[in-house]
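To start, the structure itself, in structure tokens.
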């Protein structure tokens, strides 16, 4: 009987095992998933669903991924499979994807696999080297981990996918970019002109410079552009210009700031002294992009060397130029005068972004989704095509007319993103002998924006926020070791971040630096029925530094009295119908460069003034006294945009916060939610001293007591059982 029961149990076990295996096989074959993660990171967002459901032309995604990769890369392949399957569920009939087998079998490569690898290479996807651990040995292997998107005749590729982090955002933005590019190219009224400036005189000195392939450059470029022209709907036009044969081209090459070379007599006088210019210029209407074709390298112990651009990269370089010329993304305005941060382009003196004020990472992140437009209030107005104007660290005074332009821009239902400093840093002069260096001084900054903001209902205090919960900098061992508190760099914990807003929901921590506190003018907010949302604030262990500002960490100490410490608001978003600052006031006169009004300038130029007093003619619609619904974002720190705070990949909480704010102001909140839903920074809640003491005490004394109590319980149950058995036999 026992043998029969035991065999029956084995049969049940194997039956259950077979059922579990079949369920797993069916789960792999049939797409069905339940996403239980807090941020739904394994489900595509609404932005992705909308992008793939509105495709106007066929989109094909070809994936080249080596099979049976070691962890964690095998999870990346599985995630990519699931992600594309979910894209296909929400997509229309124009969406297709395919996985290509590029894996060799037992060291041998079949003809099909070799053909797939060659196809991947033709798209610019090459194998990368990854690390694997097999049998306690570290080994390296090459693997294909990339994909290419083909939309119409245009190609976009993601050559390396080593992580699932941000993969959905990267795919969706690439699809949007392709869709926008196709629409923009088909709607171009004229062609994009690509001019090659190459002096034929350079062919004589090219061998001495190590540029033997230089004479073949025009033919190679023409073939490359011919290939690209087929993919860009015939909108490219190539032209080869030789400044040696046409002297009038020399001035044009200088206008584009192309590389110009001069040389003395060479090879014993066989080559005469001369000069030449080289460079590639892409033009569309009034916009131009310059592409250098020769790099100058300074190699130690060898000296100066010249190197031509790699022709294998030329297609991608020209494609990037086309995208910047035709504005495939939405426009975003950046104030370019008044001493504001230069965001539109890298400094010519600092192309690598090593300067203190470098914002190259910020520019790179913004350029992924937006076309940056420089706004010069001194020379012009704010275009109607711009929905958001970014003003970052203005240091010069605004005239009333310039403030009027900003005010009316907001009245039209547009949005402002303000990164305004409370102080201006004044660097000390060069050290002079026998004189003490006073160090950096901080002068209160008043540009005129302050009165505009206070009218709207918010102000900036002339102080810096210090916080005991701040960034800690390690001290070198030779200077004593340990950590030094940088009090002017507060660490913003998640309990001080407003997570009710969708684009802020997954931001769990931030780092601020040299930031001033904000204060609301509650009467104005209430009177105008505005909605003020505090995005984040400092901890309750923070205080203000005002008056004489000294940010030397060695001389900053927290206040002795806890009454001086409190939480300060550091960033706000105001929404609603703002009242105009200039309501009931005359329209300000526009000042000319010499400080006079334009009206006075015309009189000085001898223009005849009209007999009729034009000031008596009244008109409507000249300005708006009450605005349409708009938004203002204000944070009193431009340091938050610099390269030492933002990472170039945009994966840090600070970078996501800044980009999410810009998306929110440009009415693209769904993109912001998609970007930050995979944010992995999720710090644990702080544990109080009482809780820590209780846990330690419980581990030391509580667990042994529980073991003793459990033993007594077992002993008591056995004793009771023994008593019951005795009572049964006594009866």
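Residue numbers (my numbering): 1 to 731.
Even for Gly, the Cβ is constructed at its ideal location relative to N, Cα and C.
Where residue i sits in the DSSP three-state scheme
i, result
"residue 711", "helix"
"residue 602", "At residue 602, the pLDDT of 46 sits below 50, so the modelled position is not reliable; the number obtained from the coordinates is stated separately. It is helical."
"residue 10", "helix"
"residue 490", "strand"
"residue 617", "Unreliable positioning characterises residue 617 in this predicted model, as indicated by a pLDDT of 43, which lies under 50. A coordinate reading is not provided."
"residue 467", "strand"
"residue 726", "helix"
"residue 640", "helix"
"residue 306", "strand"
"residue 510", "strand"
"residue 531", "strand"
"residue 49", "helix"
"residue 684", "coil"
"residue 460", "strand"
"residue 476", "coil"
"residue 352", "No answer about residue 352 holds up, because its pLDDT of 44 lies below 50 and its placement is not dependable."
"residue 542", "strand"
"residue 454", "helix"
"residue 702", "helix"
"residue 96", "strand"
"residue 518", "strand"
"residue 398", "coil"
"residue 347", "Note that residue 347 scores 45 on pLDDT, short of 50, meaning its location in the model is unreliable and no value can be drawn from it."
"residue 564", "helix"
"residue 495", "helix"
"residue 111", "helix"
"residue 64", "strand"
"residue 696", "helix"
"residue 661", "helix"
"residue 128", "strand"
From the options, residue whose alpha carbon lies closest to that of residue i
i, options, result
"residue 654", "511, 624, 544", "511"
"residue 126", "316, 526, 159", "159"
"residue 375", "365, 465, 367, 389", "389"
"residue 734", "717, 452, 279", "The first residue shown for the chain is 1 and the last is 731, placing residue 734 beyond what the model contains."
"residue 261", "295, 42, 649, 571", "295"
"residue 553", "485, 208, 245", "485"
"residue 242", "277, 268, 225, 231", "277"
"residue 173", "428, 44, 124", "44"
"residue 733", "671, 690, 86", "Since the first residue shown for the chain is 1 and the last is 731, residue 733 is missing from the structure and cannot be characterised."
"residue 455", "425, 522, 473, 471", "522"
"residue 245", "679, 685, 202", "202"
"residue 86", "75, 76, 55, 49", "49"
"residue 118", "144, 139, 94, 132", "144"
"residue 73", "582, 646, 56, 161", "161"
"residue 55", "66, 382, 96", "96"
"residue 78", "27, 221, 466, 705", "27"
"residue 681", "480, 687, 505, 129", "505"
Per DSSP, the bridge partner or partners of residue i
i, result
"residue 151", "59, 154"
"residue 374", "334"
"residue 441", "426"
"residue 571", "536, 635"
"residue 525", "Residue 525 is not bridged to any residue."
"residue 415", "388, 631"
"residue 72", "Partner(s): none; residue 72 has no beta bridge."
"residue 577", "629"
"residue 314", "In the DSSP output, where bridge partners are listed per residue, residue 314 has none listed."
"residue 485", "472"
"residue 133", "138"
"residue 19", "Residue 19 pairs with nothing; no bridge assigned."
Cβ distance (whole Å) where residue i is taken to contact residue j below 8 Å
i, j, result
"residue 417", "residue 217", "Incorrect: roughly 43 Å between the Cβ atoms, too far for contact."
"residue 528", "residue 579", "6 Å"
"residue 530", "residue 574", "5 Å"
"residue 516", "residue 422", "4 Å"
"residue 233", "residue 186", "6 Å"
"residue 329", "residue 364", "So it is not a contact: roughly 13 Å between Cβ atoms."
"residue 551", "residue 488", "5 Å"
"residue 225", "residue 194", "6 Å"
"residue 61", "residue 198", "So it is not a contact: roughly 38 Å between Cβ atoms."
CB contact below 8 Å: residue i versus chain C
i, result
"residue 323", "Of the protein chains in this structure there is only one, and it is not chain C."
Segments of 3+ residues assigned as beta strand (DSSP E) that fall wholly inside the stretch 224-306: 236-241, 259-263, 274-284, 287-291, 294-299
Which residue spans inside the stretch 136-222 form an unbroken alpha helix (DSSP H) run of at least 4? Along the length of the stretch 136-222, whole alpha helix (DSSP H) runs at least 4 residues long occupy 167-186, 202-205, reported in chain order.
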